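Undergrad:
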Amino acid sequence: MVEIRWALIASDDYDSIIRYYEKTAPKFAQNLAKKIIYIVENLIQFPKMGRIVPELENEEIREVIYRNFRIIYRLKENVLEITRIIHGSSLLKL
Numbered sequence: 184m185v186e187i188r189w190a191l192i193a194s195d196d197y198d199s200i201i202r203y204y205e206k207t208a209p210k211f212a213q214n215l216a217k218k219i220i221y222i223v224e225n226l227i228q229f230p231k232m233g234r235i236v237p238e239l240e241n242e243e244i245r246e247v248i249y250r251n252f253r254i255i256y257r258l259k260e261n262v263l264e265i266t267r268i269i270h271g272s273s274l275l276k277l
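Just so we're aligned, residue 184 is where the sequence shown starts under the working numbering, counting upward by one.
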């Protein structure tokens, strides 16, 4: 089993996304928040369920796509770090 850690920028990404949608679509924001956490919790049991990030081609850096969002994480030994949560149209900056 792996340990989940959140990079500060990923935590900020999550908060910003949810706050943005809370203003215009509160129910959507609530569902999105729950689903992102659900996906992250599933990574504990299935850490390789995400695909390798195509731009990086690095076995350690993976992503799960949900709706228009990329949940990007780094898997190293028994630590899985959520590194970014970005909109699919955004350029990836790690």
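Yeah, the Cβ is synthetic: ideal placement off N, Cα and C, and Gly gets one too. Since this is a predicted model, take the numbers as computed values, not measurements.
So is R234 buried or exposed if we call it buried at 16+ other beta carbons inside 10 Å?
TA: Taking the first residue of the sequence shown as position 1, residue 234 is located at position 51. Under this definition R234 is an exposed residue.
Undergrad: Does the beta-carbon of V262 have 16 or more other beta-carbons within 10 angstroms, so that it is buried, or is it exposed?
TA: Locating residue 262 in the sequence shown gives position 79, where the first residue counts as 1. With fewer than 16 other CB atoms across the displayed protein chains lying within 10 angstroms of its CB, V262 is exposed.
Undergrad: If you follow the alpha helix (DSSP H) that E243 is in, where does it begin and where does it stop?
TA: Residue mapping note: residue 243 aligns to position 60 of the sequence shown, counting from 1. Segment: none, E243 is in no alpha helix (DSSP H) and carries neither H nor E.
Undergrad: What three-state label does DSSP hand F252 in the structure shown?
TA: Residue mapping note: residue 252 aligns to position 69 of the sequence shown, counting from 1. Judged by DSSP in its simplified three-state form, F252 adopts strand.
Undergrad: Measuring CB to CB, does I268 end up less than 8 Å from I200?
TA: In the sequence shown, the residue the question calls residue 268 occupies position 85. In the sequence shown, the residue the question calls residue 200 occupies position 17. A contact, by the Cβ cut-off of 8 Å.
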